[in-house]
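Written out below as C-alpha cells is the structure these notes cover.
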Amino acid sequence: MSAVGNKQPGTKKRQGGFTLLELLVVLFIVALLGGGLAWSISQHGQHAPVREAQRLVALLEEARAQSHGTGQPVQWRAVPGGFEFLGLTEPTPTGEIKTRQHRWQHEEVSAIVLQPPGTTLLLGPEPLLPPQRLRLQVNGQAVDVGTDGAQAFALLPTDDRSTSSTPVRP
1 MSAVGNKQPG TKKRQGGFTL LELLVVLFIV ALLGGGLAWS ISQHGQHAPV REAQRLVALL
61 EEARAQSHGT GQPVQWRAVP GGFEFLGLTE PTPTGEIKTR QHRWQHEEVS AIVLQPPGTT
121 LLLGPEPLLP PQRLRLQVNG QAVDVGTDGA QAFALLPTDD RSTSSTPVRP
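Number 170 marks the last residue of the sequence shown (full-length UniProt numbering); no jumps.
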C-alpha cells in the first residue's frame, strides 16, 4: 500500500485531449451534415413551382367552395407580386373592406392564364365551370394548374401550347 497522494507503481498518467480516431469521427459527421445541407439548399429551388402550384390549388378550391356557399361569383386574377380573388373580401385593420389578396411565396413567380385566354379564372358560383388552365413559372420551371370544369383544380402536365397572354411579374 502506498501513502495518500503517492502513485501506485505501474500506473500510467493518461494524457488529456482527443485521439486521432475521435477527431476523424467528428470530422466525418460534420462533413456528412455539411453535404446534406448543401444538397438540401440546391434542391430547394427545384421544388418551388410545385409548392406554389399546390398552394394555389388549395386556395382556388377554397375560393370555389366559398363562391358556391355564398352564391356570389368569384374570379382569380394575377397581380404584380401575387394574386387576388375578386368577389371575396376581408376587413382591414381600419375597418375597410378590400379584395382578398395573396403574395407569391417566391418573388420570381409569374402566372399566365392559358384557358380561357385572358387574365382571370372563374371560380363560381355555378357547380360546373368552363375548362380552365393557368401556368406558373418560377426560375424557368413551369407547372400547370387547371380543371376540366367538373373536377377540382389540380396540377396538370405542362404542355407546349403557345402562351399569348403576357405573364404578370412582380
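For each residue, glycine too, the CB sits at the ideal point set by N, CA and C.
Model, not experiment: these values are computed from the prediction.
Whether residue i touches residue j by CB criterion (8 Å)
i	j	result
LEU88	GLN66	yes
PRO131	GLN151	no
LEU33	TRP76	no
ARG100	GLU108	no
PRO73	PRO125	yes
ALA53	ALA78	no
PHE153	GLU61	yes
Endpoints, beta strand (DSSP E) assigned at residue i
i	result
THR89	82 to 91
HIS106	Taken as a continuous stretch (DSSP letters only), HIS106 belongs to no beta strand (DSSP E), as it is neither H nor E.
ASP144	141 to 147
C-alpha gap between residue i and residue j, whole angstroms
i	j	result
PHE28	ASN139	34 Å
PRO49	THR147	18 Å
ALA63	THR70	10 Å
LEU20	GLY81	54 Å
Residue i - DSSP class collapsed to helix/strand/coil
i	result
ALA152	coil
LEU134	strand
GLN72	coil
LEU114	strand
HIS47	helix
LEU122	strand
Integer Cβ distance of residue i from residue j, believed to fall under 8 Å
i	j	result
LEU155	VAL57	7 Å
THR158	VAL145	Actually they do not touch by this definition, with Cβ atoms about 10 Å apart.
PHE83	HIS102	6 Å
Check: residue i C-beta below 7 Å from any heavy atom of the ligand MG
i	result
ARG103	The model depicted lacks the ligand MG and carries no ligand whatsoever.
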